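Numbering (the UniProt record's numbering), first residue to last: 1 to 140. The beta-carbon is built from N, C-alpha and C at its ideal position, and this holds for glycine as well. Bear in mind that the values here come from a model prediction, so they are computed numbers and not experimental data. As structure tokens, the structure follows; a few thoughts come after it.
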């Protein structure tokens with residue numbers, strides 16, 4: 001039963017990759033495409049798998065979890081403005097917040113209804129083959 005940890009790691013990596021793929025194809029929001037291209041499986045071991053965005057996409061956590069209402073103030077000027085567009089906003093702006101879009105959680109919910117069954121079947125076959133090998137060794 002030496003290979004059980006390897007099979008569990010492979011299983012969790014397969015599940016993580018499947019969830020990441022579903023997120024990229026179906027659930028991640030697309031404005032520029034950077035967020036969906038950046039979804040990765042970071043780590044998979046026998047007990048857990050970590051999926052998410054790298055630190056290159058700093059806004060990913062705000063898209064996924066949302067934000068509450070907040071005030072935007074200028075850092076080093078007297079007022080907020082977009083000179084290229086000719087827009088003047090004022091000394092501060094009250095942003096209403098960002099609605100949460102849990103695209104990774106939604107991807108998991110989609111994946112568990114289809115891909116998870118295939119991954120479970122592959123894990124069962126691998127473990128079954130390992131058990132058969134162990135039984136053959138015992139009865140030699």
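Here the alpha carbons of residue 112 and residue 120 stand approximately 10 Å from one another.
Cα atoms of residue 72 and residue 30: separation of roughly 25 Å, rounded to the nearest angstrom. When beta bridges are read from the DSSP output, residue 98 appears opposite 67. Residue 69 counts as exposed, since fewer than 16 other C-beta atoms from the protein chains shown sit within 10 angstroms of its C-beta. The segment 10 to 17 and the segment 34 to 51 touch, with no fewer than 3 CB-CB distances between them shorter than 8 Å.
If you keep only unbroken alpha helix (DSSP H) runs of at least 4 residues inside the segment 103 to 132, you get 103 to 111. Exposed is the label assigned to residue 91, since fewer than 16 other Cβ atoms lie within 10 Å of its Cβ. Pairing residue 84 with residue 46, the inter-Cα distance amounts to about 53 Å.
Contact between residue 124 and residue 26 does not hold, since their C-beta atoms are separated by about 27 Å, which reaches or exceeds 8 Å.
Listed in chain order, the non-local C-beta contacts of residue 40 below 8 Å within the same chain comprise 20, 51, 52, 53 and 54, local neighbours out to five positions each way being set aside.
Annotation: the continuous alpha helix (DSSP H) that includes residue 34 extends over 34 to 37. Note: residue 40 is bridge-paired with 52 in the DSSP secondary-structure output. Per DSSP, the continuous alpha helix (DSSP H) segment holding residue 20 begins and ends at 4 to 22. A residue is called buried when at least 16 other Cβ atoms come within 10 angstroms of its Cβ; residue 23 meets this threshold and is buried. One thing to note: residue 87 has its Cβ no nearer than 7 Å to the Cβ of residue 57.
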